[in-house]
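What follows is a set of notes on a single structure, which appears directly below.
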Amino acid sequence: AEGTLADIVSHAKEYGFVFPSSEIYDGLAAVYDYGPMGVELKNNLKQLWWRAMTQLNQNVVGIDAAIFMHPLTWKASGHIDGFSDPMIDNLDSKKRYRADVLLEDKAAEYEKSGELARAETLLAEMGRLLTAEDLAGVKQLIIDEKITCPVSKTGNWTDVRQFNLMFSTQIGAVAGDSSQIYLRPETAQGIFVNFLNVQKSARQKVPFGIAQIGKAFRNEIVARQFIFRMREFEQMEMQFFVRPGTEGEWYTQWKETRRRWHEALGLPADKLRFHDHEKLAHYAKAAVDIEYEFPFGFKEIEGIHSRSDFDLTQHQTLSRKKQNYFDNDLNPETGKPYGNYVPYVVETSVGADRLFLATLCQAFQEETIVEGEGEEQKTKTRKLLRLHPAVAPVKAAIFPLVKKDGLPEKANEIYNSLRHDFRLVVEEKDSIGTRYTRQDLIGTPFCIAVDHQTLEDNTVTVRHRDSREQTRMPISELRAYIGEAVSF
Ligand code: ATP
Numbered sequence: 012a013e014g015t016l017a018d019i020v021s022h023a024k025e026y027g028f029v030f031p032s033s034e035i036y037d038g039l040a041a042v043y044d045y046g047p048m049g050v051e052l053k054n055n056l057k058q059l060w061w062r063a064m065t066q067l068n069q070n071v072v073g074i075d076a077a078i079f080m081h082p083l084t085w086k087a088s089g090h091i092d093g094f095s096d097p098m099i100d101n102l103d104s105k106k107r108y109r110a111d112v113l114l115e116d117k118a119a120e121y122e123k124s125g126e127l128a129r130a131e132t133l134l135a136e137m138g139r140l141l142t143a144e145d146l147a148g149v150k151q152l153i154i155d156e157k158i159t160c161p162v163s164k165t166g167n168w169t170d171v172r173q174f175n176l177m178f179s180t181q182i183g184a185v186a187g188d189s190s191q192i193y194l195r196p197e198t199a200q201g202i203f204v205n206f207l208n209v210q211k212s213a214r215q216k217v218p219f220g221i222a223q224i225g226k227a228f229r230n231e232i233v234a235r236q237f238i239f240r241m242r243e244f245e246q247m248e249m250q251f252f253v254r255p256g257t258e259g260e261w262y263t264q265w266k267e268t269r270r271r272w273h274e275a276l277g278l279p280a281d282k283l284r285f286h287d288h289e290k291l292a293h294y295a296k297a298a299v300d301i302e303y304e305f306p307f308g309f310k311e312i313e314g315i316h317s318r319s320d321f322d323l324t325q326h327q328t329l330s331r332k333k334q335n336y337f338d339n340d341l342n343p344e345t346g347k348p349y350g351n352y353v354p355y356v357v358e359t360s361v362g363a364d365r366l367f368l369a370t371l372c373q374a375f376q377e378e379t380i381v382e383g384e385g386e387e388q389k390t391k392t393r394k395l396l397r398l399h400p401a402v403a404p405v406k407a408a409i410f411p412l413v414k415k416d417g418l419p420e421k422a423n424e425i426y427n428s429l430r431h432d433f434r435l436v437v438e439e440k441d442s443i444g445t446r447y448t449r450q451d452l453i454g455t456p457f458c459i460a461v462d463h464q465t466l467e468d469n470t471v472t473v474r475h476r477d478s479r480e481q482t483r484m485p486i487s488e489l490r491a492y493i494g495e496a497v498s499f
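Okay, so the sequence shown: first residue is 12 according to the UniProt record's numbering, each after it adds one.
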């Protein structure tokens, strides 16, 4: 069986994947810390993404830009004027909600009960009102749909107001307007302002991409969704710069490439879908979400956006620095070079934390297994994480069968011969069954048992997490065997 969100949250806490931030002070809303297992899993996901971008494509290079940026960046990008969510308060419960999320949840309810047309009409109407910035209309729609507060079940709503999501702070010694800066709400702008630096220094020709992994901050109006919606989170973004007119092909290509990547990592095709946006962001020409079916429904994990030349042109205007690229490829129609233009951009943007949550939800399983034979046979349930070996925090656990006769020494010898290649652990404590259980819970794909026969013939028993099958093999084959399984 798959887990509920509550199962995932408690499993994540108990086994060191995710802890609430500052928990001893009762936590901080929508802020989380990654524990010893979580940081390994997250690092593995980030590293695989980084390789899928910068190692598999000669024309994608990386940067690591600062979180603080010149304040005009956010004027140019439209975030100061346009990066807000419509919020509404419930007067009884004093809880704050996003008006669009309340309406989306209502539409999902209709969809669930088979009223598809009704769901579609509601989403279309919401999109129209939000695009027209008709906030009174949005409130009226919430009232007409008889939407109640999820907590107090009353419909006692305030007006809808726009709420800017950027965190601001002061830079330097003197407070005042000129020294107000923002924590970046997306990593993309660090890429745009470096477009020419990167293009020239890396000697790239359009089409090419710039990839970046880094923290982003949004003062989200939060409903409890664990690490799905955080106020401090990590994005993995790639801006692909293309010749105007070719953005459609690249948009389609990256859409497919990114979906395949999620499938290869273990998210099954029937739990992924594309969802076109009802309401386009201020910068977008076309936008699609890759959604994964979480225990709480299909939700976005990655956005693919065709951003036109919006960002580069805006930066050109505010910085008064040309953002042109000279394309000396020949245009077959004119026989002359394409010449100067501001490139168009296709963006792929995935949240490391959302991908982490999807990975955990997909991997978590509770199953009934049969142990022993004949009279001794009994059934029990086991929980495990069926993580792709490439992302598993620990690749193999080595167990000396007993704590004597030189078995622990032999186990450590194996550990030392493989630790440069893989993250391994040696465990001596408890029965072998208990040790298997512990590794299943954190998703370790292999357990290697060292017994008395090992001392004689240098073979070990490798136990497989998912099938619980055991294979006897020479120690000398472990590196290739594990290496094959964890490669991606
Ligand atoms: P949403 O509609 O869920 O608020 P968004 O459309 O604003 O998301 P984008 O601006 O497209 O999100 O950001 C790209 C990606 O960054 C998202 O697909 C998501 O994986 C991640 N992301 C965005 N906001 C958050 C957040 N508050 N917490 C965690 N991840 C986030």
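Cβ atoms here follow ideal geometry from the backbone N, Cα and C, with glycine treated the same way.
Buried or exposed: where does residue 447 fall if 16 or more other Cβ atoms within 10 Å of its Cβ makes it buried?
By the neighbour-count criterion, in which a residue is buried when 16 or more other Cβ atoms sit within 10 angstroms of its Cβ, residue 447 is buried.
Coarse secondary structure for residue 81, derived from DSSP in three states:
Of the three classes helix, strand and coil, the one that applies to residue 81 here is coil, per DSSP.
Would you check if the distance between the CB atom of residue 456 and the CB atom of residue 407 is smaller than 9 Å?
The beta carbons of residue 456 and residue 407 sit closer together than 9 Å.
With distances taken from CA atoms, which of 98, 340, 428, 87 is nearest residue 174?
From the listed residues 98, 340, 428, 87, the smallest Cα separation to residue 174 is found for 98.
Residues bridged to residue 331 [DSSP beta-bridge criterion]
DSSP output for residue 331 lists no bridge partner at all.
Can you list, in chain order, the residues of its chain whose CB lies under 6 Å from that of residue 171, leaving out five sequence neighbours each side?
Setting aside the 5 residues that flank it on each side, residue 171 is surrounded in the same chain by 97, 99, 110, 146, 149, 150, each with a C-beta closer than 6 Å to its C-beta; the list follows chain order.
Close Cβ partners of residue 19 (< 8 Å) along its chain, the five nearest in sequence each way excluded:
Closer than 8 Å at the Cβ level, and outside the excluded window around residue 19, lie 237, 306, 368, 371, 372, 375.
Does at least one heavy atom of the ligand ATP sit under 8 Å from the Cβ of residue 366?
Correct: residue 366 has its Cβ closer than 8 Å to the ligand ATP.
Rounded to whole angstroms, what's the CA-CA distance from residue 112 to residue 435? Just pull it up for me.
Straight-line Cα distance between these residues: approximately 43 Å.
Heavy atom of the ligand ATP within 8 Å of residue 246 beta-carbon
Yes, the ligand ATP has a heavy atom inside 8 Å of this Cβ.
Can residue 211 be considered in contact with the ligand FAD, in the sense that its beta carbon sits closer than 8 Å to one or more heavy atoms?
As presented, the structure is devoid of the ligand FAD, carrying the ligand ATP as its sole ligands.
Of the residues 359, 404, 191, 227, the one placed nearest residue 452, counting alpha carbons only:
The residue with the shortest Cα to Cα distance from residue 452 is 404.
With a Cβ-Cβ cutoff of 9 Å, do residue 208 and residue 102 count as a contact?
By the CB criterion at 9 Å, residue 208 and residue 102 fall outside the cutoff.
Beta strand (DSSP E) containing residue 394: first to last residue?
It spans 389 to 396 - the beta strand (DSSP E) in which residue 394 sits, taken as one unbroken run.
Please determine, among 303, 387, 265, the residue with the shortest C-alpha to C-alpha distance to residue 359.
Here the closest residue by C-alpha is 265.
What number of angstroms, rounded off, separates the C-alpha of residue 38 from the C-alpha of residue 397?
Cα to Cα, the separation comes out at about 29 Å.
Alpha carbon of residue 477 to alpha carbon of residue 413, nearest angstrom:
Rounded to whole angstroms, residue 477 and residue 413 show a C-alpha spacing of 25 Å.
In three-state terms, what does DSSP make of residue 12?
Residue 12 carries a coil assignment under DSSP once its states are collapsed to helix, strand and coil.
Using a 10 Å radius around the Cβ and a threshold of 16 neighbouring Cβ atoms, would you call residue 88 buried or exposed?
Residue 88 sits buried, since 16 or more C-beta atoms from the chains shown fall within 10 Å of its C-beta.
Start and end of the beta strand (DSSP E) containing residue 48?
Here residue 48 belongs to no beta strand (DSSP E); instead the alpha helix (DSSP H) covers 47 to 61.
Pairs of beta-carbons, one from the region 77 to 91 and one from the region 150 to 159, closer than 8 Å: are there three or more?
With the cut-off at 8 Å, the region 77 to 91 and the region 150 to 159 do not touch.
List the endpoints of the continuous alpha helix (DSSP H) containing residue 192.
For residue 192, no alpha helix (DSSP H) segment is defined; the enclosing uninterrupted segment is the beta strand (DSSP E) at 191 to 193.
In terms of residues, what are the limits of the beta strand (DSSP E) holding residue 481?
Boundaries of the beta strand (DSSP E) harbouring residue 481: 481 to 485, taken from the DSSP string.
From residue 224 to residue 355, what does the alpha carbon distance come to, in whole angstroms?
Computed Cα separation, rounded: 21 Å.
Tell me which same chain residues have a C-beta within less than 6 Å of the C-beta of residue 286, skipping the five on either side of it?
Closer than 6 Å at Cβ, skipping near neighbours: 300, 302.
What number of angstroms, rounded off, separates the C-alpha of residue 59 from the C-alpha of residue 499?
For residue 59 and residue 499, the distance between alpha carbons rounds to 8 Å.
Looking at C-beta atoms only, is the number of pairs between the region 193 to 204 and the region 244 to 251 that lie closer than 8 Å three or more?
Contact holds: three or more Cβ-Cβ distances are below 8 Å.
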